[in-house]
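Number of protein chains: 4
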Amino acid sequence: VSAHQFPVRVYYEDTDAAGIVYYANYLKFAERARTEMMRDMGFEHELMRREHDLALAVRRCVIDYLLPAKLDDTLIIATTMLAVAGAALELEQEVRRGEAVLARLLLRIACLNTAGRPRRLPPALAAAAQRVSRHASTMVAQHAR
Amino acid sequence: VSAHQFPVRVYYEDTDAAGIVYYANYLKFAERARTEMMRDMGFEHELMRREHDLALAVRRCVIDYLLPAKLDDTLIIATTMLAVAGAALELEQEVRRGEAVLARLLLRIACLNTAGRPRRLPPALAAAAQRVSRHASTMVAQHAR
Amino acid sequence: VSAHQFPVRVYYEDTDAAGIVYYANYLKFAERARTEMMRDMGFEHELMRREHDLALAVRRCVIDYLLPAKLDDTLIIATTMLAVAGAALELEQEVRRGEAVLARLLLRIACLNTAGRPRRLPPALAAAAQRVSRHASTMVAQHAR
Amino acid sequence: VSAHQFPVRVYYEDTDAAGIVYYANYLKFAERARTEMMRDMGFEHELMRREHDLALAVRRCVIDYLLPAKLDDTLIIATTMLAVAGAALELEQEVRRGEAVLARLLLRIACLNTAGRPRRLPPALAAAAQRVSRHASTMVAQHAR
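Protein chains in written order, with the numbering used here: chain X, 1 to 145; chain B, 1001 to 1145; chain C, 2001 to 2145; chain D, 3001 to 3145.
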C-alpha cells in the first residue's frame, strides 16, 4: 500500500535477443524509481551533493528474477524503505506487471560524502526516510501476521 | 507547435564520467519518443508485428550534438514526421531542455515485414503518418518565411 | 587459480556522472565473461539453442560492491563454477583490478528449453561444467584451510 | 588496409527483442574503437585530461545501417582518420563482419579543454593524427581511381 510507485515502460533498448528484458536493466529501472522517490522527498541528486555533500552508493544488491518482462510492458516499480541506520539505508523494490511480481530486489545503500567517506544521513533526509520506513514497518508487521 | 512531445528524465544510467549524457543515449531517448508517438497513433510494436506483419528499422541517423544534457535534467523529445513515402518514413527529432535544443536527429526509417523485406506502410498507418506529416509541412513552410 | 579469467576494459559507456562504473554494468561484464567461458567449453549461445534446445536464465544474483571501477581500467572477471545440479548452475564471479576485488557476484542460473521450461543440462555441458566445478571445489577446499 | 582495426563481440546486452544489435549500440562499439586507437597513439582519456587538459566531444554523427549484426557475431570496427583541422577531427568508422560492411559512421569530433572550450590539438596528437590521416588520404586517393 504505502510503497513508492513508479511506472516504467519497456522499450527496445531494454530487451535482448531472448525477447525479454535484459537482466541488468532491472537495476536501471530500480535506480530510476529510487531517484524519483528521493526527489519526491525533496532530495534530488544535484541538491544532495551541493547542499548536503551527500551521495548514495549501492553496497549490496540481491535480485530474484521471477518472471520475464517484455517489450511494450508497463511496469510498476514499488519501493519500500526497510531500515534507516546511521550511514545506511535498506530498501526493497519490486518490479510488477499488474498483480504479478516479476523481480524483487533488496538493496543496502551507503551514504557517502563527495570524497567517498561514510557520513550520517542529513537529519532532514533521515527524518523523511524514517517516516516512510516506520510506515513500511507497520506494513511489514501486518504482512507478517 | 505540432510536433509530438515526449518527456525524458536524465538518470545516472544515461550519464558518463564526463558528467553529461553519453552520446549514444540520445538515440535511446529518440526511440522511446518514436515508440510513444506510434502508440498514440494506435501502432504499438507488438500489434504492428502481429496484425500488420510490420517492423520499423532505422536506415540512417544523422545526429548533431549542440549542448550537453545533464543528470536530473527533464528533456522534451519533439518528433516531427517530415515525409512518408511507400516503404519509408523521414523524421526529425529534437532533444530540448526548456527553449534550448541540445541535439537534433534526422532519421530515415524503413518499413519491413517480419521476414526483413521492405513492405508498404499499412494504409491506416500511412494515413495517420500523412496527417501528422502534412501538418508538419505547413509548420515547416511557416518556419521558412 | 583455476577460475576462468576474462578481461574487460572500462569505456565511457560504462561510467556515470559519479565518475565510476554504473552499478548495473557490472552485470554486463559478468555476463560477457560467462558467455566466453561457455564458448571456451564449446557452448555458444546460438549453438546451445539450435543443437541442444537450451537457454540459460539468471534466477538470482547477489552482488557486493566493494570498490569502484573507473574509466580506462582494465578489469579481470574471474568466474568459478560452484555447483552443477540437474537444471541449475551456481557460479561465483569476481571483478578484479590487479589484486583488488571490486565486486563479487553469486549467481543461480536455470537451464531452460526454448519454450522456457526447466530442462536438465545436456550431458556434454554437465560433464564440462562438473570438471570445472570439481576443480573449483578443490580450490575452495584449499582456500578454506 | 591502414585503418585501425578493433574487434567487438556481440553479447546479449547489445541485442534487442528484434534479435539484432540495437541501433544505439553501434555508437558504443565505435567509441570503444576510437578509444583504443587513441590509446595506441599514446592518448588515454585520463592522460589527455590530466597532461593536456584535453577532452574529445562528438559534434556530429552520421550513421548508415546496412545490415544487422547478431548475437555471437565477432565484428571488426575499422577506423580511418579523414581530416585533422585546428580543433576538430573527422573520422570514418565501419562495422564489419568478415567482408560485409554492416554500418558506416562519419564523425566530427571537437577538441575541448576540460572547461568545455575549443582548443587546438596538442602538437603530439595532431602529428600522430596527421600521420594516420595522410596515410588514409593516400588510401582514399587509391580507392578513387
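Positions of the beta carbon are idealized from the N, C-alpha and C atoms, including for glycine.
Legend entry - 8 angstroms Cβ cutoff, Ala-3055 (chain D) in contact with chain B: The count along the fourth sequence starts at 1 and reaches residue 3055 (chain D) at position 55. At least one chain B Cβ lies under 8 angstroms of Ala-3055 (chain D).
Legend entry - Completely contained beta strand (DSSP E) runs for the segment 72-135 of chain X, where each covers 3 or more residues: 74-85, 88-97 and 100-112
Legend entry - C-beta neighbour in chain C for Arg-2973 (chain D), strict 8 angstroms: This structure gives no information on residue 2973 (chain D), because the portion of chain D shown stretches from 3001 to 3145.
Inset, instruction - For the segment 2012-2039 of chain C, enumerate the residues whose C-beta is nearer than 7 angstroms to any C-beta of chain D, in chain order. - result: Tyr-2012, Glu-2013, Lys-2028, Glu-2031, Arg-2032 and Thr-2035
Legend entry - Residue from D:Gln-3005, D:Leu-3089, D:Gly-3042 and D:Arg-3131 with nearest C-alpha to Glu-3051 (chain D): The count along the fourth sequence starts at 1 and reaches residue 3051 (chain D) at position 51. Residue D:Gly-3042 is the option with its Cα nearest to Glu-3051 (chain D).
Legend entry - Interface residues of the segment 58-78 of chain X facing chain C [CB-CB below 9 angstroms]: Val-58, Arg-59, Arg-60, Cys-61, Val-62, Ile-63, Asp-64, Tyr-65, Leu-66 and Pro-68
Legend entry - the segment 94-114 of chain X in contact with the segment 1068-1075 of chain B per 3-pair CB rule at 8 angstroms: no
Legend entry - Amino acids of chain D, ordered along the chain, whose beta-carbon sits closer than 9 angstroms to that of Glu-2046 (chain C): Locating residue 2046 (chain C) in the third sequence gives position 46, where the first residue counts as 1. Within chain D, the residues near Glu-2046 (chain C) are Lys-3070, Leu-3071 and Asp-3072.
Inset, instruction - Go through the segment 48-72 of chain X residue by residue and report every complete run of the beta strand (DSSP E) that reaches 3 residues or more, in order. - result: 55-65
Legend entry - Beta-carbon contacts of Asn-3113 (chain D) that lie in its chain and below 6 angstroms, excluding the five residues immediately before and after: For the purposes of this step, residue 3113 (chain D) is taken as the residue at position 113 of the fourth sequence. If we look at Asn-3113 (chain D) and ignore the five residues flanking it on each side, its Cβ neighbours are Asp-3053 and Arg-3119.
Legend entry - Buried versus exposed call for Ala-3124 (chain D) [16 or more other C-beta atoms within 10 Å across all chains shown]: Along the fourth sequence, one-based indexing puts residue 3124 (chain D) at 124. Result: exposed.
Inset, instruction - Note down the Cα distance separating Tyr-2023 (chain C) from Pro-1122 (chain B), rounded to an integer number of angstroms. - result: Within the third sequence, residue 2023 (chain C) is the residue found at index 23, counting from 1. Within the second sequence, residue 1122 (chain B) is the residue found at index 122, counting from 1. Tyr-2023 (chain C) and Pro-1122 (chain B): Cα-Cα distance of roughly 42 angstroms.
Inset, instruction - For Arg-2049 (chain C), I'd like the list of residues in its chain whose CB is within less than 8 angstroms of its CB, leaving aside the five on either flank, ordered along the chain. - result: The residue you call residue 2049 (chain C) lines up with position 49 of the third sequence. Contacts found: Ala-2055 and Thr-2114.
Legend entry - Outcome for Asp-16 (chain X) when other beta-carbon atoms lying within 10 angstroms are tallied against a minimum of 16: By one-based count along the first sequence, residue 16 (chain X) stands at place 16. When all chains shown are included, Asp-16 (chain X) counts as buried.
Legend entry - Classification of Glu-1031 (chain B) by the beta-carbon crowding that lies within 10 angstroms, buried from 16 upward: The residue given as residue 1031 (chain B) occupies position 31 in the second sequence. Buried, by the Cβ-count rule.
Inset, instruction - Please name the residue in X:Ala-129, X:Arg-9 and X:Arg-104 whose C-alpha comes closest to that of Val-84 (chain X). - result: The sequence position of residue 84 (chain X) within the first sequence is 84, counting from 1. Looking at the Cα atoms, X:Ala-129 is the closest of the given residues.
Inset, instruction - Could you pull the start and end residues of the beta strand (DSSP E) that Phe-3029 (chain D) belongs to? - result: Here the question's residue 3029 (chain D) lines up with position 29 in the fourth sequence. Unbroken run through Phe-3029 (chain D) is the alpha helix (DSSP H), 3025-3040; no beta strand (DSSP E).
Legend entry - Neighbour flag for Gln-2142 (chain C) against chain B, beta carbons, 8 angstroms: Translated into the one-based positions of the third sequence, residue 2142 (chain C) becomes position 142. For Gln-2142 (chain C), the predicted structure reports a pLDDT of 47, less than 50, and the residue's modelled location is therefore unreliable. A value from the coordinates is still provided. It does not: the Cβ of Gln-2142 (chain C) has no partner Cβ on chain B nearer than 8 angstroms.
Legend entry - Beta-carbon contacts of Glu-90 (chain X) that lie in its chain and below 6 angstroms, excluding the five residues immediately before and after: Indexing the first sequence from 1 puts residue 90 (chain X) at position 90. Same-chain partners within the cutoff: Leu-82, Ala-83 and Arg-108.
Inset, instruction - Can you give me the Cβ contacts of Tyr-2012 (chain C) inside the same chain, cut-off strictly under 8 angstroms, excluding the 5 residues immediately before and after it? - result: The residue given as residue 2012 (chain C) occupies position 12 in the third sequence. These residues qualify, in order along the chain: Leu-2071.
Inset, instruction - Return the residue from the list C:Pro-2007, C:Leu-2102, C:Asp-2064 and C:Arg-2060 that minimises the CA-CA distance to Val-58 (chain X). - result: Counting from one through the first sequence, the residue named residue 58 (chain X) turns up at place 58. Taking only the C-alpha atoms, the option nearest Val-58 (chain X) is C:Asp-2064.
Legend entry - Residue interval of the beta strand (DSSP E) (run including Phe-2006 (chain C)): Start at 1 with the first residue of the third sequence, and residue 2006 (chain C) comes out as number 6. Per DSSP, Phe-2006 (chain C) belongs to the beta strand (DSSP E) from 2004-2009.
Legend entry - When C:Val-2008, C:Ala-2088 and C:Glu-2044 are compared against Ala-2110 (chain C), the one with the closest alpha-carbon: In the third sequence, the residue the question calls residue 2110 (chain C) occupies position 110. If we check each option's Cα against that of Ala-2110 (chain C), C:Ala-2088 comes out closest.
Legend entry - Cβ shell of Val-132 (chain X) (< 7 angstroms), same chain only, five flanking positions each side left out: Position 132 of the first sequence, counted from the start, is the residue given in the question as residue 132 (chain X). Cβ neighbours of Val-132 (chain X) beyond the five flanking positions: Met-81.
Inset, instruction - Count the other C-beta atoms from every protein chain shown that fall within 10 angstroms of the C-beta of His-1004 (chain B), then say buried if there are 16 or more, exposed otherwise. - result: Numbered from its first residue, the second sequence carries residue 1004 (chain B) at position 4. Buried, because 16 or more other Cβ atoms sit within 10 Å of the Cβ of His-1004 (chain B).
Inset, instruction - Taking Val-2021 (chain C) and Ala-2069 (chain C) to be in contact with their CB atoms under 8 angstroms, please state how far apart those CB atoms are, rounded to whole angstroms. - result: Numbered from its first residue, the third sequence carries residue 2021 (chain C) at position 21. Numbered from its first residue, the third sequence carries residue 2069 (chain C) at position 69. With 8 angstroms as the limit, Val-2021 (chain C) and Ala-2069 (chain C) qualify as a contact, their Cβ atoms being about 4 angstroms apart.
Legend entry - Counted within 10 angstroms of its Cβ, other Cβ atoms place Glu-1046 (chain B) as buried (16 or more) or exposed: Sequence index remark: in the second sequence, residue 1046 (chain B) carries index 46 (1-based). The residue is exposed, with fewer than 16 neighbouring Cβ atoms inside 10 Å.
Legend entry - Rounded separation between Ala-126 (chain X) and Gly-86 (chain X) - CA only: Here residue 126 (chain X) refers to the residue found at position 126 of the first sequence. Here residue 86 (chain X) refers to the residue found at position 86 of the first sequence. Between Ala-126 (chain X) and Gly-86 (chain X), the C-alpha separation is close to 9 angstroms.
Inset, instruction - List the whole-angstrom C-beta distance separating Leu-1102 (chain B) from Leu-1066 (chain B), where the pair is believed to meet the contact cut-off of C-beta under 8 angstroms. - result: If you number the second sequence from 1, residue 1102 (chain B) lands on position 102. If you number the second sequence from 1, residue 1066 (chain B) lands on position 66. Correct: roughly 6 angstroms between the Cβ atoms.
Legend entry - Status (buried if at least 16 other CB within 10 Å, exposed otherwise) for Asp-40 (chain X): On the first sequence, position 40 is the one that residue 40 (chain X) refers to. With fewer than 16 other Cβ atoms within 10 Å, it is exposed.
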